[in-house]
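Some notes on the structure that comes next.
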Amino acid sequence: VTLLLGESVLYTIVSLSLGVLVAARTASQRAAMLGALVGTMMPTALLSGMIFPISSMPGWLQPLTNVVPARWFIVIARGIMLKGVGLGYLWHETLVLTAMALLLLVAATRSFHAQLD
Numbered sequence: 001v002t003l004l005l006g007e008s009v010l011y012t013i014v015s016l017s018l019g020v021l022v023a024a025r026t027a028s029q030r031a032a033m034l035g036a037l038v039g040t041m042m043p044t045a046l047l048s049g050m051i052f053p054i055s056s057m058p059g060w061l062q063p064l065t066n067v068v069p070a071r072w073f074i075v076i077a078r079g080i081m082l083k084g085v086g087l088g089y090l091w092h093e094t095l096v097l098t099a100m101a102l103l104l105l106v107a108a109t110r111s112f113h114a115q116l117d
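Residues 1 to 117 (the working numbering) make up the sequence shown, in order.
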């Protein structure tokens, strides 16, 4: 339960920093909502492996799933809840989510400060 909670917090940080980045890069609330819908929700539903298995996607589309944070969290959640594995097995997915969190936090912070000036 503790590992799942920690991984969920990490995924939440990635999602929130992506939302802050979209909001900081757009000029209006309407544009931010549309950008978040098209840029995050649709790819998450279609490319995360939640609805369609990644292995059954076309070959050219499979590498694009690597930039969707939900893809990595679904692997983590399935591993913890269904297989009962620990961090020793899920270290790669955790490392990818951590790298995404750091990259998006830095980009969102720089965009947000640039807009305040």
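Where is the CB? At the ideal position from N, CA and C, for every residue including glycine.
Per-residue DSSP class, three states only, for residue i
i, result
"Met42", "helix"
"Pro58", "coil"
"Met50", "coil"
"Ala28", "Going by the sequence as given, residue 28 is Ser instead of Ala. In the structure shown, Ser28 sits in coil (DSSP, three-state: anything other than H, G, I, E or B)."
"Val139", "Outside the displayed span of the chain (1 to 117) sits residue 139, for which this structure offers no information."
"Gly84", "coil"
"Val68", "coil"
"Val75", "helix"
"Val1", "coil"
For residue j and residue i, the rounded distance between their alpha carbons
i, j, result
"Ser15", "Pro69", "8 Å"
"Ser55", "Gln62", "7 Å"
"Gly79", "Glu93", "11 Å"
"Leu34", "Ile76", "29 Å"
"Gly6", "Ala107", "23 Å"
"Gln29", "Ala36", "10 Å"
Cut-off 6 Å between Cβ atoms - residues of its own chain near residue i, not counting five sequence neighbours on either side
i, result
"Ala23", "Ala32"
CA nearest to the CA of residue i, picked from the options
i, options, result
"Trp72", "Phe112, Leu102 and Tyr11", "Tyr11"
"Gly39", "Gly19, Thr2, Trp60 and Leu103", "Gly19"
"Arg110", "Gly84, Met81 and Arg25", "Arg25"
Cβ neighbours of residue i in the same chain (closer than 7 Å, five flanking residues each side left out)
i, result
"Tyr89", "Gly79"
"Ile51", "Ala45"
Sequence-distant residues of the same chain with beta carbon closer than 8 Å to residue i, five excluded per side
i, result
"Thr98", "Leu10"
"Leu105", "Ile13 and Ser17"
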